[in-house]
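First up is the structure itself, then whatever we jot down about it.
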Amino acid sequence: MKFHKRLLRAEPSFRLLSKLWRISWLYVLLICTLAAAGYITLYSAAGGAPYPFAAPQAARFAVGLVMMITIAMLPPKVLIRAAWPLYIFSVALLAAVLHMGHVGKGAERWLIIGGVQVQPSEYAKIALVLVLAAWFHRLNHRQMGNPLWLLPPAFIVLLPVVLVLKEPNLGTATIIGGIGAALFFAAGMRLWQIVLLVLPVPYLIKVAYSHLHDYQRARITTFLNPESDPLGAGYNIIQSKIALGSGGMWGQGYLKGSQGQLNFLPEKQTDFIFTMIAEEWGYAGALTVISLLLIIILGGMLMAIRSRNRFGRLVALGISVNFFLYCLVNLSMVMGAIPVGGVPLPLVSYGGSAMLNVMMGFGLLLSTWVHRDSRFGESEPD
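Note that the numbering used here has the sequence shown beginning at 35, numbered continuously upward.
The following block contains the structure:
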């Protein structure tokens with residue numbers, strides 16, 4: 035520890051070396067292992083070929099890996115200064131989606147920027163974590179007990195939720211709301227404040243349901259009874275359950291899954307990629323992937339606990355909750371526990387915006403670990 039402190043007080047090149055040394059490379063290895071599992075599955079989804087899924091995904095991960103390490107070097111003070119500009123920019127992009135967004139599967143969720151397809155709702159989650167952590171970092175215990183100080187962050191959460199719902203993207207809007215709720219709780223909300231927030235939830239659910247699009251209501255109806263429309267709205271979840279069950283304990287074998295290789299399984303490279311894992315590798319393979327996801331989540335929570343400043347704790351918690359909700363929604367969806375919501379499995383499903391968003395989040399998480407001993411207000415070097 036004394037050696038690290040001496041390096042931090044040395045020349046910038048030595049300080050950079052010290053930060054690289056402090057990165058949890060075991061955690062980076064876990065992330066790479068999960069991405070490798072995604073590559074193998076995407077290779078199978080293309081019928082045993084690197085294109086069109088596996089190779090582009092590997093290239094995105096390589097870019098994301100460099101981005102992650104770069105962000106991990108940034109000190110907390112830089113992240114705090116960047117929080118509000120990033121949030122405002124992400125909200126502007128969400129608003130732009132509603133006016134000039136690219137339409138896909140009945141929803142406007144993407145922008146085409148420089149020939150690249152971007153999904154702003156993914157990056158809004160990262161910006162939300164940063165701005166809420168920056169806000170709550172400055173509040174003391176007395177201010178947390180004053181509802182007036184909680185109205186601005188409540189609006190900060192509500193604005194992107196409303197914009198994402200208008201796309202419409204119910205799954206991502208739910209995750210954004212979940213991230214906000216977790217950070218409010220972790221920041222020290224009083225019990226009576228939590229009760230006041232929970233009371234209107236049933237009414238809000240009723241109002242939200244009345245404003246759902248027809249295809250979204252069909253998803254809920256199909257979730258309750260998939261067999262009511264086996265060739266239409268219920269097709270996806272029925273095929274998913276067949277694939278999950280057909281793998282047995284050890285699976286049908288790599289590149290030999292019947293539902294996936296014969297193209298009965300819809301969206302097998304994105305939303306339903308976990309069913310390909312279960313079909314080809316069986317219960318053992320599925321449990322291995324779930325265990326890896328759980329270790330990554332718990333590792334992020336540990337980083338939050340070890341941080342000695344409130345901003346770092348909240349950022350690490352927010353990123354961990356985001357990753358957890360990604361996994362929870364996707365796995366619950368493909369198993370038929372919740373309605374289909376179009377949420378990918380992080381680092382495994384095919385997709386550029388989701389991949390880069392997750393890697394940016396891991397970069398922030400590693401930054402809180404690298405700078406875990408920083409104390410704001412003390413004359414410590416970044």
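We put the beta carbon where it would ideally sit given N, CA and C, even for glycine.
Whole angstroms is fine: what's the gap from residue i's alpha carbon to residue j's?
| i | j | result |
| --- | --- | --- |
| phenylalanine 396 | leucine 381 | 11 Å |
| leucine 113 | lysine 159 | 15 Å |
| leucine 398 | alanine 318 | 32 Å |
| serine 383 | glycine 281 | 19 Å |
| glutamate 301 | glycine 370 | 15 Å |
| leucine 230 | threonine 104 | 41 Å |
| leucine 51 | methionine 107 | 10 Å |
| valine 10 | serine 408 | Nothing about residue 10 can be reported from this structure: the residues present for the chain run from 35 to 416 only. |
| methionine 389 | glutamine 151 | 13 Å |
| alanine 93 | alanine 83 | 15 Å |
| glycine 81 | glutamine 91 | 16 Å |
| tryptophan 55 | leucine 332 | 22 Å |
| isoleucine 353 | lysine 290 | 36 Å |
| proline 236 | glycine 205 | 18 Å |
| lysine 200 | valine 191 | 15 Å |
| proline 154 | glycine 214 | 17 Å |
| leucine 328 | valine 404 | 22 Å |
| arginine 1 | arginine 406 | The requested residue 1 is not part of the displayed model; the chain covers only 35 to 416. |
| alanine 312 | glycine 279 | 8 Å |
Over the uninterrupted beta strand (DSSP E) stretch that includes residue i, give me the two end residues.
| i | result |
| --- | --- |
| glutamine 151 | 150–152 |
Would you mind giving the Cβ-Cβ distance between residue i and residue j, rounded to the nearest angstrom? I have them listed as a contact below 8 Å.
| i | j | result |
| --- | --- | --- |
| leucine 145 | alanine 161 | Contact doesn't hold; Cβ gap of about 15 Å is too wide. |
| methionine 337 | methionine 102 | With a Cβ gap of about 14 Å, methionine 337 and methionine 102 do not count as contacting. |
| isoleucine 209 | valine 368 | So it is not a contact: roughly 16 Å between Cβ atoms. |
| threonine 402 | valine 355 | Actually they are not in contact, since the Cβ atoms of threonine 402 and valine 355 sit about 14 Å apart, beyond 8 Å. |
| leucine 326 | threonine 67 | 6 Å |
| histidine 277 | leucine 217 | Strictly speaking, residue 277 in this sequence is alanine, with histidine absent from that position. Incorrect: roughly 36 Å between the Cβ atoms, too far for contact. |
| tyrosine 77 | alanine 88 | 4 Å |
| proline 187 | glycine 346 | Not really, about 18 Å apart at Cβ, beyond 8 Å. |
| valine 198 | leucine 120 | Actually they are not in contact, since the Cβ atoms of valine 198 and leucine 120 sit about 16 Å apart, beyond 8 Å. |
| threonine 304 | glycine 385 | 6 Å |
| isoleucine 57 | leucine 400 | 6 Å |
| alanine 79 | isoleucine 307 | 7 Å |
Within the continuous alpha helix (DSSP H) that includes residue i, where are the two ends?
| i | result |
| --- | --- |
| glutamine 303 | It is not in any alpha helix (DSSP H) - glutamine 303 carries neither H nor E in the DSSP assignment. |
| glycine 291 | Segment: none, glycine 291 is in no alpha helix (DSSP H) and carries neither H nor E. |
| methionine 101 | 88–106 |
| leucine 233 | From DSSP, leucine 233 is part of no alpha helix (DSSP H); its letter is neither H nor E. |
| glycine 82 | Unbroken run through glycine 82: none, as it is neither H nor E. |
| glutamine 273 | 269–280 |
| histidine 133 | 110–134 |
| methionine 178 | 175–178 |
| proline 181 | 181–199 |
| isoleucine 210 | 204–221 |
From the DSSP secondary-structure annotation, give me the bridge partner or partners of residue i.
| i | result |
| --- | --- |
| isoleucine 146 | Gln151 |
Runs of beta strand (DSSP E) lying entirely within the region 327–392, each at least 3 residues, in chain order: With a minimum length of 3 residues, there is no unbroken run of beta strand (DSSP E) contained wholly in the region 327–392.
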